[in-house]
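Each residue of the sequence shown is one higher than the one before, starting from 1303 at the first, in the numbering used here.
Using N, Cα and C, we set each Cβ at its ideal position, and we do this for glycine too.
As structure tokens, the structure follows; a few thoughts come after it.
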Amino acid sequence: MDPPRQANRANPKQEAKSSPAESKAPRRKDAYARLLSLHRSSTFTKYLEHFAMESALPMEDDGASTLAKGHADELGAPRAKRDWSANRLSDSADFSSPPFKGRGDESSLSLYMVKLSLRNARRDGERKPGVSEKHRKAQRRDTATSQDGDIESGEELAALGPNDSKKQQRQRRKTKENSSKGALNKPEVEDVKRAKKKNLTKPSEEAEPKCSGDGHGPESPLGSPTRQRTRVLRESILLIPIDVLCSCSSASGAGSPADKNRNQGGRGSRKAIFEAYVTTEDVSRGLKRGELVQGQLRINPKKYHEAFIPSPDGTRDIFLDGVIARNRALNGDIVVVQILPREQWKVVRSDTDCEGASESETPKGNPVQAGQKKMTRGPRASADDGRSHRAGLSERDHLGNSLSQQPNGEVLQMTAKVVYIVEKKHSRAVTGSLKFLADKPFAMFSPVDHRVPRINVPLTDCPEDFRCRPGDYANTLFICRITDCPADSNFAEGRLAKTLGQAGDIEPETEGILSEYDVDFSEFSDEVLDCLPKDVPWNISPEEMAERRDLRQECIFTIDPATARDLDDALSCKRLPDGNFEVGVHIADVSYFVQPGDALDNVASQRATSVYLVQKVIPMLPRLLCEELCSLNPLTDRLTFSVIWKMSPEGKILDEWFGRSVVRSCVKLSYDHAQSMIEAPERTFAAEELPPVDPRHSVEAIHRAVLNLHSVAKNLRAQRFSGGALRLDQLKLSFTLDKETMMPQGCYVYEYRDSNKLVEEFMLLANIATAQHIYRHFPDLALLRRHPPPKAKMVDELQELCEQLGIDLDLSSAGALNKSLLSAVGHDEYSVARKEVLTHMCSRPMQMALYFCSGVLKEEKLFKHYALNVPLYTHFTSPIRRYADIIVHRLLASSLKCCPKLQLSTEEVQKQTSRCNEKKTASKRVQELSAEIFFGVFVKDCGPLDSEAMVMGVLDQSFDVLVLRYGVQKRIYCKSVSGLASFRHRQVGKKSELTLAWTSEDPRKPPLEQVISIFTRVEVQLKADSAPLKYSALLKRPSAMAP
């Protein structure tokens, strides 16, 4: 059976359903769709016309035209074995006619083009269905989101048509393998030659109606045989098997960075899909000249083909369009990119959405927008012509003018491509499932994270019975580690690391995310445990006690979550005879047990932070330290670092003391206990209402201390916010768990109350005081924490959006934003929801707070913490769970002459701060994913769940909502809303709006319309999907419209 004919065969069902409006036709998903955008240039049209004209010339005795022989020479037919020029059928939009050479054998490409042109000429008006815009982009074809259940391998993915039967697919694969070894077999060659002679000596009559069917008369230029052949050839080239086509196209231009290492053609060679990386010398030179940009890659989790790196000048992020542009880099990697020419920049219609405002697959007719829909990999987009990228950089005026305003209000966003990976920050470990591939020595691994490519893993890594019983593992989760990303494949290569268990089960899913984010959850080694005290129970030695301030008689207590076991901070407050207060913050002295350079210190510095999951904690330190020796457990002597202030009732600091101390907590209070005391200042609490209390301190004394701390904390908080501080709270989901199974029994939005604020104020005060102290003593070694101001351009855009929404929001400073945020949300029942939506909007321009070494940044103005509005800040109060705090403790101890002189350099401190930043970011994400796992299980077990929701953002085909009852955010796609007749999108300035038309119950009445914009309240239902742990938010018909 002829494989091209299989690909060309029409689907009767599809024809029966076709209508004049072809825009509704299903989109093709074949491997050639992306070539459509390359076949519209005038140069290529001339090339095809030239080929058609040459085809009409009298044939030689051997049946080959001079053009065909030229093709054979250039395409590298098996006997010729010549390389194909990189400038012929490259992926760029620049085509040129091949030079004519001497006689030779006809190439596979030439024979295919002629054969298929004859077949297409006999087809009466048959056209290919439309190709979606997302396939014109440089996207991977192997994404886990595709529903191509019959794909056998990466190579077959290109060749199989969506409507082919399995038998046809197998036949096509067999034919493809034969064609990859050379040209057509001999009978086919002879048939093609005879058909070619017959066709070219007498023009085909079947092609004429096709020409008139396009609206052109017999006398039209398009009616000429040459033009007919040109058009037919244009269509036919899309049917050439991928291996034949790939043999005559190049991944990059002759002078591109990939050119030096480009595959050289010949039998068995494969086309490079990705460009080779440039050399380190080129990177260094390009960065110094400003021709290249370095940054951390961020891939949009909702649209995996969109990626970004920060712009060096703090304006809109630089956009990387498609998998090819990322060049095998994964999320979080530090990459070097080359800015693409200006005509390939992205058109952004909604300036507030830096990750893609439009979901439309078809460009709106804007030439720049249409031009950037594909990532060009030919000479025009590479470094062969230094003029190209240098011009792009000069046009942006040091990146400052990269957001060129268009006359229609649209904005151009710079685009780039990765040319080098500086550091692979991504762990290369992913969770996913396996798929068996018949007659292949490997299996296909599909990651859960769509941002990671599919992976080919050896069958030897798979379970023993996977080959004969692959269905048994359909719902099994595995961990795979990527070992290589070949330049000539859309698929990565990897090895299976572990079988986790059933997808959807909490523990396998949890272990998967821990592995993906490189969280070390292994047991501590014997070498590490040998660093701990051997005598348990451990007691403070008299020598150590003599060197510390003894505070064991003071009324000191902890306030923590009820389930907390690592208690690293305590508070004290007593009234002085002069009416002032002595307030103390006491922090566990972890640095006493963790000595610099030992095995325990090394593992703690690598882990850098404890990771808090819903059901457990992955500790930074062994549990003997976290939960016993360092934890400030009640009625137990513990070593601490203390900061004690003499303070007025208004919160003015009159005196300050730092030092090592020994404390004995009198009670372990939860936030609920402290809140009860704050809310009932006159009430007398019985001892039975609280946890065990040290008999040396009465419940009344503890209650009075809590009230005094609350009073001072309120004044401190008022001063802080009046001084220009900002707080952007986001809703946090908490769970109640079954004590035996640890399965979720319920969930609720965590409430931030006065008891939380009490503790927060004194922790902030201690951190600020410590930062000032260590910077004063170690101006080049201090480990500090800074928060850069928000990106100015995005702030301006947000300001403009708020004005169009009628929201009076002052974004001129942190303090101004905080004040206007409080006044803008109102005071009704939905004020909390509106504040959350506004907080989400305001968080987008914000940058991450970062640890740094003071000796690295020379300008003190860069030290500032934007949100707190303080010049110096650090972390001192949580050394049990943060390694940065341990370094700060060592600096503090050294400044107090409590330990030997530190052997630290600026470079060492800065290196550690970088690791702390990375691990803190990963820890935060893992914590969020853990909550998502538990909520997914909760929806499955207890759903469907109904709730009110508030719209947070509007795109052109979907909108995001905040589910008020549970504090989760979900996206609702208009096309999936049941009962919706139609919808339309409207953009006014920066305000985006959707109008939904609901089908009326009465057919005589028109559809009922619902307007969706930011702050619109809607009713949703959360319902579990068929995929494990996945759930959707379903929009309900508005109550007023309900039948």
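Starting from the Cα of residue i, find the closest Cα among the options and give me that residue.
i, options, result
"Ile2274", "Thr1733, Gln2259, Ser2115 and Leu1831", "Gln2259"
"Val1964", "His1888, Leu1816 and Val1919", "His1888"
"Leu1739", "Thr1717, Arg1769, Glu1725 and Val2134", "Arg1769"
"Gly1616", "Met2150, Tyr2185 and Leu2206", "Met2150"
"Val2097", "Asn1841, Ala2084 and Leu2111", "Leu2111"
"Ile2314", "Lys2277, Glu1577, Asp2262 and Lys2325", "Asp2262"
"Pro2081", "Cys1787, Gly2157 and Phe2236", "Gly2157"
"Ala1976", "Ile2004, Ser2000, Ala2233 and Ser1950", "Ile2004"
"Glu1856", "Leu1869, Arg1877, Asp1868 and Arg1867", "Arg1877"
"Ile1781", "Met1922, Cys2200, Lys1800 and Thr1986", "Lys1800"
"Thr1860", "Pro1810, Lys1970, Gly1773 and Ala1805", "Lys1970"
"Asn1629", "Ala1776, Lys2166, Leu1599 and Asp1891", "Leu1599"
"Thr2318", "Leu1589, Leu2204 and Leu2337", "Leu2337"
"Val1892", "Asp1584, Ala2233, Asp2187 and Leu2231", "Asp2187"
"Asp1635", "Val1721, Leu1714 and Met1979", "Val1721"
"Ala1631", "Val2127, Pro2173, Phe2064 and Tyr1606", "Tyr1606"
For residue i, name the three-state secondary structure that DSSP assigns.
i, result
"Asp1584", "helix"
"Asp1375", "Annotation note: pLDDT 41 at Asp1375 (below 50); position unreliable, no value reported."
"Met1979", "helix"
"Glu2209", "helix"
"Pro1760", "strand"
"Leu2324", "strand"
"Lys1675", "For Lys1675, the predicted structure reports a pLDDT of 37, less than 50, and the residue's modelled location is therefore unreliable. The matter cannot be settled from this model."
"Ser2294", "strand"
"Phe2178", "coil"
"Asp1741", "coil"
"Gly1899", "coil"
"Glu2161", "coil"
"Cys2144", "helix"
"Lys2137", "helix"
"Arg2022", "helix"
"Glu1811", "helix"
"Ala2015", "helix"
"Gly1773", "helix"
"Thr1860", "strand"
"Val1830", "helix"
"Ala2027", "coil"
Going by the DSSP bridge assignment, what does residue i pair with across the sheet?
i, result
"Gly1734", "Pro1749 and Phe1780"
"Lys1605", "Per DSSP, none; premise fails for Lys1605."
"Val2172", "His2167"
"Val1637", "Gly1597 and Ile1723"
"Trp2300", "Leu2282 and Leu2310"
"Met2252", "Leu2264 and Arg2319"
"Cys2155", "Leu2085"
"Phe2236", "Per DSSP, none; premise fails for Phe2236."
"Ile1852", "It should be pointed out that residue 1852 corresponds to Asp in this sequence rather than to Ile. Val1964, per the DSSP bridge assignment."
"Thr2038", "Gly2048"
"Tyr1819", "According to DSSP, Tyr1819 bridges with nothing at all."
"Leu2336", "Gln2323"
"Gly1803", "Leu1779"
"Gln2229", "Answer is none; Gln2229 lacks a bridge partner."
### Query
Which full runs of the alpha helix (DSSP H) of 4+ residues lie inside the region 2045 to 2120, going along the chain?
Taking only runs of at least 4 residues, the alpha helix (DSSP H) segments lying wholly in the region 2045 to 2120 are 2056 to 2079 and 2094 to 2107.
### Query
Taking three-plus beta-carbon pairs below 8 angstroms as touching, is the region 2177 to 2192 in contact with the region 2023 to 2039?
The answer is no - the region 2023 to 2039 does not touch the region 2177 to 2192, with fewer than three Cβ pairs under 8 angstroms.
### Task
May I ask you to verify whether the region 1919 to 1938 touches the region 1986 to 2005, counting CB pairs closer than 8 angstroms and requiring at least 3?
With the cut-off at 8 angstroms, the region 1919 to 1938 and the region 1986 to 2005 touch.
### Query
Within the chosen definition, does the region 2102 to 2109 reach the region 2145 to 2162 through at least 3 CB pairs nearer than 8 angstroms?
Taking 8 angstroms as the limit for Cβ pairs, the verdict is that the region 2145 to 2162 does not touch the region 2102 to 2109.
### Task
Spell out a yes or no on whether the region 1730 to 1738 and the region 1817 to 1824 are touching, meaning 3 or more CB-CB pairs, one atom from each, closer than 8 angstroms.
The region 1730 to 1738 makes contact with the region 1817 to 1824: 3 or more CB pairs, one atom from each, lie closer than 8 angstroms.
### Task
Please specify which runs of the beta strand (DSSP E), each continuous and at least 3 residues long, are wholly inside the region 1892 to 1979, giving them in chain order.
Fully enclosed beta strand (DSSP E) runs of 3 or longer: 1939 to 1949, 1955 to 1966 and 1970 to 1972.
### Query
Does the pairing of the region 1904 to 1923 with the region 2192 to 2207 give three or more beta-carbon distances under 8 angstroms?
A contact between stretches requires three or more CB pairs, one per stretch, nearer than 8 angstroms, and the region 1904 to 1923 fails this requirement with the region 2192 to 2207.
### Query
Counting pairs of Cβ atoms below 8 angstroms between the region 1604 to 1621 and the region 2082 to 2096, do you hit three or more?
Because the criterion of three Cβ pairs below 8 angstroms is met, the region 1604 to 1621 and the region 2082 to 2096 touch.
### Query
Can at least three beta-carbon pairs, one atom from the region 1756 to 1766 and one from the region 1785 to 1803, be found at a separation below 8 angstroms?
Under the 8 angstroms Cβ criterion, the region 1756 to 1766 counts as touching the region 1785 to 1803, having at least three qualifying pairs.
### Query
Per the contact definition of three or more C-beta pairs closer than 8 angstroms, is the region 2070 to 2090 in contact with the region 2162 to 2175?
Three or more Cβ pairs closer than 8 angstroms define a contact, and the region 2162 to 2175 meets that threshold against the region 2070 to 2090.
### Query
Do the region 1881 to 1895 and the region 1943 to 1962 touch if we need at least three Cβ pairs shorter than 8 angstroms?
As far as the Cβ criterion goes, the region 1881 to 1895 touches the region 1943 to 1962, which means the pair count is three or higher.
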